[in-house]
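Here the structure comes first, spelled out in structure tokens, and everything after it is commentary.
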Amino acid sequence: MDLSIIIVSWNVADLLVDCLRSILAHPPKSEYEILVVDNASQDNSTQILRKEFPQARLILNEQNVGFAAGNNQAIEVATGRYILLLNPDTVVYEGTLQNLVDFLDEHPQAGAAGSLYENPDGSLQPSAYPFPTVPREFWRLMHLDKLLTYGVYDQQRWRKDTPRQVEALQGASLLLRRAALKQTGLLDTSYFMYTEEIDLCYRLHLKGWTLYWVPQSRILH
Numbered sequence: 007m008d009l010s011i012i013i014v015s016w017n018v019a020d021l022l023v024d025c026l027r028s029i030l031a032h033p034p035k036s037e038y039e040i041l042v043v044d045n046a047s048q049d050n051s052t053q054i055l056r057k058e059f060p061q062a063r064l065i066l067n068e069q070n071v072g073f074a075a076g077n078n079q080a081i082e083v084a085t086g087r088y089i090l091l092l093n094p095d096t097v098v099y100e101g102t103l104q105n106l107v108d109f110l111d112e113h114p115q116a117g118a119a120g121s122l123y124e125n126p127d128g129s130l131q132p133s134a135y136p137f138p139t140v141p142r143e144f145w146r147l148m149h150l151d152k153l154l155t156y157g158v159y160d161q162q163r164w165r166k167d168t169p170r171q172v173e174a175l176q177g178a179s180l181l182l183r184r185a186a187l188k189q190t191g192l193l194d195t196s197y198f199m200y201t202e203e204i205d206l207c208y209r210l211h212l213k214g215w216t217l218y219w220v221p222q223s224r225i226l227h
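The sequence shown begins at 7 in my numbering and counts up one residue at a time.
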């Protein structure tokens, strides 16, 4: 198996349906599987999944265990050499998935690759970041980041046809190399939601892996 697509969902049936439909409409050429972890949703998510998407493997939790733990559950049973963490509030386009797979195939030193994120109005959404430092966190807490960007991380100025090596990637569409995960370990479950991907990216760096923002892979988020 080349690619395991993992989606952790909680009470977002409509968004999840759109996400899954987009995957089936624009599947990768590589062999893939879909795993959906439902964190005890109270809506009709599971009924819809069983009826409309029988090809997706469904993991049901009795309580909301969070983003990190939910993804780890699926990673442990996934069979792909690459693991894609994909949020349920995303839509993929033609080439989104295959371009990420191809990039990691062509760059064996890369431990992870992330997509270009678009807002519904077509504007660019930041999806790559420098690692947090005390000065950067002060900058953010004082809302100065709304006035100026972090220099080389001004994604509005990045070429949209050229992958770029970065420090950290957002986890809404994050492709991970299984071989790298075996070295770093899985997501840290002490983070219930948010920042767990930055922690993982940092551990990838410590193990000598590089990370890339790949604009040829676009998602709506």
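For every residue, glycine included, the Cβ atom is placed at its ideal position computed from N, Cα and C.
Note that the structure is a prediction, hence the values are computed from the model and not measured.
(Q) According to DSSP, simplified to helix, strand and coil, what is residue 222? (A) What you label residue 222 is simply residue 216 of the sequence shown in a count that begins at 1. Residue state, collapsed to three classes: strand.
Checklist entry - Would a check of beta-carbon distances place residue 84 closer than 9 Å to chain B? => result Here there is only one protein chain, and chain B is not present.
> For the 8 Å Cβ check, are there 3 or more pairs between the segment 48-55 and the segment 112-131?
Replying inline: Two segments are said to touch when three or more pairs of C-beta atoms, one from each, lie closer than 8 Å; by this definition the segment 48-55 does not touch the segment 112-131.
Mapping DSSP to helix, strand and coil, what is residue 28?
-> Taking the first residue of the sequence shown as position 1, residue 28 is located at position 22. In the structure shown, residue 28 sits in a helix (DSSP, three-state: H, G or I).
(message) On the DSSP bridge list, what partners appear for residue 44?
(response) One-based indexing of the sequence shown puts residue 44 at position 38. BP columns for residue 44 point to 15, 66.
Alpha helix (DSSP H) runs wholly inside the segment 59-134, at least 4 long, in chain order
Within the segment 59-134, the complete alpha helix (DSSP H) runs of at least 4 residues are 73-83, 102-112.
With three or more C-beta pairs closer than 8 Å as the rule, is the segment 190-206 touching the segment 58-69? no
- Taking just the CA atoms, how far does residue 57 sit from residue 177? Within the sequence shown, numbered from 1, the residue matching residue 177 stands at position 171. Within the sequence shown, numbered from 1, the residue matching residue 57 stands at position 51. Cα to Cα, residue 177 sits roughly 28 Å from residue 57.
**OP:** In angstroms with no decimal places, state the Cα-to-Cα distance between residue 187 and residue 98.
**Re:** Position 181 of the sequence shown, counting from 1, holds the residue named residue 187. Position 92 of the sequence shown, counting from 1, holds the residue named residue 98. Distance between the alpha carbons of residue 187 and residue 98 is about 24 Å.
If residue 173 sits next to residue 135, beta carbons under 8 Å apart, how far is it from one beta carbon to the other, in whole angstroms? Locating residue 173 in the sequence shown gives position 167, counting from the first residue. Locating residue 135 in the sequence shown gives position 129, counting from the first residue. Confirmed, Cβ separation roughly 7 Å.
Inset, instruction - Enumerate in chain order the residues of its own chain whose CB-to-CB distance from residue 14 is below 7 Å, with the five nearest sequence positions on each side excluded. - result: If you number the sequence shown from 1, residue 14 lands on position 8. Same-chain partners within the cutoff: 43, 45, 73, 76, 77.
Alpha carbon to alpha carbon, how far is residue 94 from residue 180?
Stepping through the sequence shown from its first residue, residue 94 is reached at position 88. Stepping through the sequence shown from its first residue, residue 180 is reached at position 174. Distance between the alpha carbons of residue 94 and residue 180 is about 13 Å.
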